[in-house]
Every structure is written in structure tokens, then in C-alpha cells.
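In full-length UniProt numbering, the protein residues as written are 1 to 685.
Worksheet: one structure, shown below.
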Amino acid sequence: MDTMIELPAMRRSAELAPNTADADSRTVEVVWSAGARVRRATFFGEPYDEELSLDPAHVRLDRLNAGAPFLKVHELDTLDAVIGSVVPGSARIENGRGIALVRISERADVEPIWRDIQAGHIRAVSIGYQVHRFEVSKPEAARELWRAVDWTPFEVSAVAVGADPAAGFRAQHPLHDCVLHRRDAPSTTKGPIPMTDKTETPASDAANPTTNQPTEPVETEDTPMTEPKAAASDPKVAAVETRAQPHAAQTSAPDTEAVATRAREAERDRVSTIYDLAGRLNLERGFAEDLVKRGVSMDESRRLILDQVAAKSDETRTFPHVSVPLGGRDELITRRDAVANALLHRYSPTLFQLEDAARQYRGMTLLELARESLGNAGVNTRGLSRDEVATRALHSTSDFPEILSAVTNKTLRQAYDAYPRTFALFCRQVLATDFKSMHRVQLGEAPQLLEVGESGEFKRGTLGESKESYKVKTYGRVVAITRQVLINDDLDAFTRIPAMYGNSIAQLESDVVWGIITANPAMADGTALFHANHKNLAGTGAALAVDAVGAARAAMALQTGLDKKTVLNIRPAFLIVPAALELKAEQLVAQNLVPAATSSVVPQSIRTLSPISEPRLDAASATAWYLAASPNQIDTIEYAYLEGQQGAYIETRNGFDVDGVEIKCRLDFGAKAIDWRGLYKNPGA
């Protein structure tokens, strides 16, 4: 029998393999599932076991292999939470384990996390996944088993602890449909909503083959527990222990151990249920911990938890006159998102998949959607002309302007993210708190230590420094979309124009950063960025070849600190070339397959360089090439966004000067070369 239920996205513990970390490529392998069996708790019901099938036919790897995000502790609301991504195409299933390769971001704030992963301090990982179909069975004398035979992992997160009974999901997380297939007996329930989990070693059979008794699971997570003594406060557990005592005196030790095992299992169920309920209802963790420590039974805990929820509801009910729109705000937002999705799918079916809720709006014109939005807002459109409908939809309390705003934002962001910005690899991003000039101090190295003789004194040293400054500038444009657009059903005005803006903004960022390379501006010391005095400009141009690159690497390694003495040993990480030299650069760093011709072999130190091809360099010189160090080793070029306005930002409003909607696109951005020692230029030949 099949039953349709609704489930939230779920999480499960996994593990990193620190010994697979590759410092050069910044990658590490993740074992995102080992097929472990998990005990899940319901809101008011019996716990059950969940098992994820690792049959390749049962796992949808599309989202992982498309480059799913590697997050920081399942944070879904901020871009800063993305600390890497799954290498496209690396997710696979081998020997009953789900494995993927994760590449870590090169952002400065992610560097401490990457170092901890390499050192083995961070090894716990949790995955987020959705189950589309369960097969449910009831082994004899065991908990009900839900086996996921169609499921999708969609994100991986680095976490401090592999699992936490209180790490539940917030009530506002969206639900998704899941088919529950019961193979043994029909069920009329809608099914529980799983919350937290306790991982157990999977067993091949529900019963021990020799004793025909249920096999006790071996728990592998560090679930918060109380002392065994606390279990006696649960009447059910106490009853088990009391009944077992006379029998235990007459039987062998294994029977006594079985009773103790059942008591421990009952206590674990009590603890996990309390944490599950408290977490789902957004109660403080301390409240749940108090119930656990005091040994309160599950029935009594449920009553106290509901009392606490009622008390909190009374405390926060301070706005008795607030009105909710008919159907609820959730229905309004759902309809708005569905209409926006239908328009986006019409704009680009390959980029925006049509959702089920949006199918009813798929064939409607802009004017028909405007008329429906007015009707949902209580405006009678009967007898109104096309012009009147368009005018009122753009200047009324209907949600049509909000729908158009959502469409323009998503198309702009998609185009902005799709544009290739090659400078991000060797530059460092920061955030500016305002539009004032930002001063970046280029600290010199620490002064050399001097020998201190017997009874001698320590001599003082000073740090040399050089200062660079720049500030964030604002770029923007406004375009108007009139009511004629709605009447003519011109969807391109809401999709292609914002998309072109997104592309233009990304181009502008690249123009600013690469303009620093091509313009060769003066630094704070009055000398050009690339100059013989800075020892980062080749005296004689040379074509891109092994010898020339080797000389450039040596020059960077010999760069000294501001004291002109300390050798910095800077190692380049990127080979930057114009489009005219892209093929030659790729051939230079490609794997050499002629080991016999030793004079032609490209050394490993050069083949580890990552080529960056940028066509903006061709306008300045089609022969010049550059080396750049990683920004994690030394500053090169720094670029900044205004805090809270990272990347493209778009606003819409009802037009005043025009009869329609105005779209304003804005970018707050700035960039500056901070240190010349991490860059090297050869004019080429």
C-alpha cells in the first residue's frame, strides 16, 4: 500500500577523510554515506529505523554532481556559509559507500577551516538529503524499518560534532512529498515527520540467526545520555527492571545483560524523544536538558513540553489587532512564487525548471497574470480594458509588482553568476563598511633576531610598512518598463534586460580589476606596480617557455621584505596570459608524456601552475604574460564590496516619471593593488 506524506529535508552524519587532503588542489574526499541505519523519533508515536539504500539505482546524484555546496554547519541563509563545493562529477558509490571530492574555497575567512581539515581537527560532516520514496517493513520483534529506495543528497556541511539529538529542523523548513510503500500491512496514518537521528550499525537480519532474538543495534553517535540510574525514574523502564529481577536470580548472566540492554535502549529513546520535541517546538535546550537530568518519563515530558509551548504562546500574544490576509500569508507567497517560476520557465526552460505549483500559470500572458493578481487582491476587473488592467496592476496593492521584482532579481543574479570572472582566483575579497578611503598597511617581515650575549640585553627592532589606499565606488543605472510592455506581452523586458544588467555588472568588476594590471598604476612609493625597482618586471621580454617561466619564478622567490634583506621565497600559483597565449599556456602546464627527452620535460614546479586566460589583456599586449602568487601567501590585488551589498543589487518601484515600473541596478565596488611582490610581468616576445 502506498501513502503520500510530507517530509522536511533531513540530515545525517558523515565523515571527512583528512588523509586525502590535497593542499595544491585544495580538495578532500568526503564519505557522505555508509548506509548506516538510523533511529528516528516521531512527534507523538513510536520510533522507527531509517536506512538509506546505497544501490546506485536508488540514489539521485544529480545535485551533488552538479557542484552541490559545501556549507558551514548547514547555514542556508548567507553566502559566507559556502566554504567550498562538491567537484562536479566526483560523487559516486563505491563498495557500499557514498564518496565525493570537495574543493575548499580560497577565501581568507575559509583558510582556518581548511587548515583544521588538513590537520584532522575537523573530520565530522553532515549531509542534507530528501527522501522521495520509502519501503516500510516490520521485522519480527523489532522496530518498523523505513528503507529509502529513492532519495537525493543535496548539500554537505562541515560540523563540529557528527550528530546532535537537538539538531532538529526549524518549523519553517519547506516540506516535500514522499511516497511511503508498506509491504506488510495497510496503514491509514499520514506518517510521522522525522526530526533527529541516532545512527546505528546496519544489520543484515532483524534477528540473531542463532538465538532467533532481535539483534541489539550498536550505536555509533555520541548521543547525550544520563546515567543508567536515571532510567529507573521512567515507569516503563522501572517495570522492565522489576519484572526481570526474580527471573535474573535464576537465570544465567546473558539474560541479565539483555534486561540491562533493553533498559539502556528505553532510556535512549526517552532522551532522544525529549530533545526532538523540544527542538522542533523551538524550546530552549536547557529546558530539555533539565527534563533529561531529572529522569522525567516520556509521557510526563510530553505534557510539560506542551505546557511550556502554551506558556510561550501566551507571552508573545501581544498584538491582538493584527489581521492576516484571507488564506494566510503562506498561500500568498506560494502563489507569488509559482507565478514567478512560470514566467522564468517561459524565459528559459533549461535554466528554470517548471515547478508543479506553477503549471496552472504556464500558458497565461502577462496581462492575464496581471488580471488574476488584481482579482486575488479583491479588485473587480470585469469590464476593464487592457490598458486599465495594466495600469492598475502596476499601481495597486496587488502582488503583481512583487512578482515582476522576483523575476528581474532572479534573471539578473543568474546572469551575474554565470559570467566568468577570472580575477577572483588570485585576488582577495573584503567588505567595506562605508564609502570612506580604506588604508591597507603592507607590513614588513619581523626584524631578524640578534644574538644576546651573557648578561646582555635584548635590542629593539621595528617593522617596516607601506600604505596603500582605495575606496568603494557606486555604479548604477535605471531603466523603465511601461504598461505597454504588459499590453504587448513583452516578457523580455522583465527577463532579458535584467539579465543583460547582470552580465554588464560582472563585466564592470572585471574591467576594474584587470584595468589595474594593464594600466600599471603607481603604488604608494611612487613607483609603478610593475617596475625594475620592484624586481617584478623582466628586463628583456621573452616568449612563454620553460626557461622564461623558470627565471620569473626565481625572481619572485628572491623578493625581499621592506628591510631589503629578508628573502620571502614567494611561490607563484597562477600563470596569467592573454587569450592569444591561452593554448600555449595550457600546453606548457599539461602532463609531459616524453620522459626520454629529458631536455624537453616540463618540470613539476611549472606544471602545478594554474593557467588563467583573460582577453582584456590582449588590448594592452598580446605577448605579455604574468605570474601571480596565491593571496593566502601574500597580498596581490584586493577588491571590496559594500557590506550587505555583495555583487549585483537591483530594486524596483512604481514609476513616477513613467507610467510603469522602474528598475534600478547598482554595484558598490572598488579594487587596488596592495603589494607588488606577489605579481611578476614579462613583456613577452
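Just so you know, even glycine gets a beta-carbon here, dropped at the ideal spot from N, CA and C.
A straight-line Cα-Cα distance of about 15 Å links Y470 and C427.
The beta carbon of V87 is closer than 8 Å to those of T27, G67, A100, L101, V102, R103 in its chain, skipping five residues each way along the sequence. Sequence-distant Cβ neighbours of T652 in its own chain, meaning closer than 6 Å and more than five residues away, are S405, V661, I663. Excluding sequence positions up to five before and after R92, its CB lies within less than 8 Å of the CB of L61, G98, I99, A100, all in the same chain and listed in chain order. Looking at the backbone, the Cα of T560 and that of Y639 are separated by about 25 Å.
In this structure, F435 keeps its C-beta atom at 9 Å or more from the C-beta atom of L679.
Linking A23 to V479 through their CA atoms gives a straight-line distance of about 47 Å. Nearest to I674 by C-alpha distance, out of R262, E402, R440, is R440. Of the residues S301, A108, P615, K672, the one whose Cα lies closest to the Cα of M523 is K672.
Excluding residues up to 5 positions away in sequence, V82, S85, E155 lie with their Cβ nearer than 6 Å to the Cβ of P69 in the same chain. When C-beta atoms of the region 266–282 are compared with those of the region 290–305, three or more pairs fall below 8 Å, so the two segments count as touching. In terms of Cα proximity to L508, the closest of T527, K584, T422, A493 is T422.
In the three-state reduction of the DSSP assignment, D49 falls in the strand class, which pools E and B. When DSSP reads this structure, E468 sits in a beta bridge with R440. For P153, the beta-bridge partners assigned by DSSP are Y129. In this structure, the alpha-carbon of S25 lies about 33 Å from that of M500.
In chain order, A338, V339, A342, L369 place their CB closer than 7 Å to the CB of Y361, counting only its own chain and leaving out the 5 sequence neighbours on each side. T518 and L617 do touch by the CB rule: their CB atoms are close to 7 Å apart, below 8 Å.
Fewer than three beta-carbon pairs drawn from the region 477–491 and the region 621–640 are found closer than 8 Å, and the two stretches are therefore not classed as touching. Around G502, the same chain offers L412, A415, Y416, A648 as residues with beta carbons nearer than 6 Å, after the five sequence neighbours per side are excluded. Its chain contains F458 as the residues whose beta carbon lies nearer than 7 Å to that of V452, once the 5 sequence neighbours on both sides are disregarded; these appear in chain order.
Our two residues, L558 and L568, have alpha carbons roughly 7 Å apart in a direct line. Rounded to whole angstroms, the separation of the alpha carbons of R270 and A573 is 55 Å. Its chain contains F574 as the residues whose beta carbon lies nearer than 6 Å to that of S610, once the 5 sequence neighbours on both sides are disregarded; these appear in chain order. DSSP places L537 within a strand segment (E or B) once states are collapsed to three. Residue nearest to W32 within the set L562, V159, I634 is V159 (criterion: CA-CA distance).
A direct Cα-Cα distance of roughly 31 Å separates A21 from D547. Per DSSP, the continuous alpha helix (DSSP H) segment holding L369 begins and ends at 366–376. Scanning E643, R477, Q633 for the CA closest to the CA of R666 turns up R477. Burial state of P521 is exposed, judged by a 10 Å Cβ sphere holding fewer than 16 other Cβ atoms.
About 5 Å separates the beta carbon of N533 from that of T527, a gap short enough to meet the 8 Å contact definition.
Nearest neighbour of Q604 by Cα position, chosen from I637, G550, A424, turns out to be G550. In terms of Cα proximity to A57, the closest of N19, V149, V110 is V149. With a cutoff of 9 Å on beta-carbon distance, N409 and P349 are scored as not near each other. Taking the CA atoms as reference points, R302 sits about 20 Å from A263. Contact between I637 and V513 holds: CB atoms are separated by about 6 Å, below the 8 Å threshold.
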